[in-house]
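In our numbering, the protein residues as written are 53 to 347.
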Ligand code: CIZ
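Right, here's the structure in full:
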C-alpha cells in the first residue's frame, strides 16, 4: 500500500438531507425571529462558512456572529465570549471549533453535513499509510476528521498551505500530504516540493471541467477566472487567480474586471455579491448543473 494510487479510498456517499419546505417571506421572518431569540437566551453565537446558504450567512451577520473560511471561523469561535458556538458548516468545522474550545458547547444545525475529502480519508487507512512512510512529515488539510488531524504533524487550510509547505520543503523534509490530491498537486507545482499525495478529491470541485471552462471564457473574454485549488489541473491552469475562499472574495473586490467566472462552491456568491454588488459573477461550468456543496 505504499503506492498512493493503490489505496482504495471509500466511495463517497452523499447523505440524504431532509427536504426543507420553501418558506414564505413571513414564515422565514418568523423562523429567523425564533432563532434570534434562542441565540440570545442560550448565550450562543452563529458562525457560518462562506459555502452555506445565503440566509444562514445573513442571519450570522445580523446576530453578531461571523461568516468566514474555516480558519477564521475557528479564530472567531475562540475569541467570542459566547459559551455556545453554533457552527454552520460541515462536520470538520464543528470538530475544529470543539478542539479549540473544549470548554464551550458546540452545536451544528445538520450533523449529516459532511465533506467528501473527510469521508474519503478514514483514520485507520490513513494511519496505516503514514506508518509505511515514517520518514515523511505529515501535512493534512483542515478538511479531515479530528482523528486524521491527530495523526498529522501539521494542519493547514487552503489559505496557509503554500507557506507551510514552502517552509518544510526549505528544511529538506519529505512530505506526505492528505487528503486532496488536486490541492496537493497545486501546492507541489507552486512550491517545487514533491509530496506523497493521498488520492482524495472534493466532489464539488472535481465537477469543474477544463474544456467547458475554456468555452465559457471565450463567451466572456473580459472576465477574470477565479479558481479554488481543490479543482482539477486543467481548470487551475486557466485561472487568473488561484486561492482560498477568502482570497477569491478579495480578488472580486480588488480586481478591476466587471465580470468573474468563479470555480468554487456557489455558496460563496452571497458574500461576493454583498461586498461587490456591481460585479457580475458567473458560475464556472461543470458536467451537469453548477457546483454546490452536496455533502
Ligand atoms: O478552509 C476553508 O474554509 C475551505 C473549506 C476552503 C477555503 O478555501 O477557505
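Glycine included, each C-beta is placed from N, C-alpha and C at the ideal position.
Confirm, please, whether the CB-CB distance from residue j to residue i is below 8 Å.
i, j, result
"residue 228", "residue 248", "yes"
"residue 255", "residue 135", "no"
"residue 315", "residue 287", "yes"
"residue 296", "residue 211", "yes"
"residue 59", "residue 152", "no"
"residue 203", "residue 180", "no"
"residue 276", "residue 324", "no"
Less than 7 Å separating the Cβ of residue i from some heavy atom of the ligand CIZ?
i, result
"residue 298", "yes"
"residue 122", "yes"
"residue 104", "no"
"residue 196", "no"
"residue 338", "no"
"residue 219", "no"
"residue 136", "no"
"residue 211", "yes"
"residue 118", "no"
"residue 234", "no"
"residue 237", "no"
"residue 280", "yes"
Mind checking which residues open and close the beta strand (DSSP E) that includes residue i?
i, result
"residue 159", "157–159"
"residue 313", "311–315"
"residue 59", "No beta strand (DSSP E) contains residue 59, which DSSP labels as neither H nor E."
"residue 278", "276–279"
"residue 333", "332–335"
From residue i to residue j, what distance separates their C-alpha atoms?
i, j, result
"residue 222", "residue 133", "39 Å"
"residue 213", "residue 193", "8 Å"
"residue 92", "residue 108", "16 Å"
"residue 215", "residue 269", "30 Å"
"residue 196", "residue 63", "16 Å"
"residue 131", "residue 84", "25 Å"
"residue 224", "residue 239", "16 Å"
"residue 149", "residue 141", "11 Å"
Can you tell me where the alpha helix (DSSP H) holding residue i begins and where it ends?
i, result
"residue 287", "285–288"
"residue 325", "321–327"
Length-filtered (4 minimum) alpha helix (DSSP H) runs lying within the segment 201–262:
213–222 and 233–243
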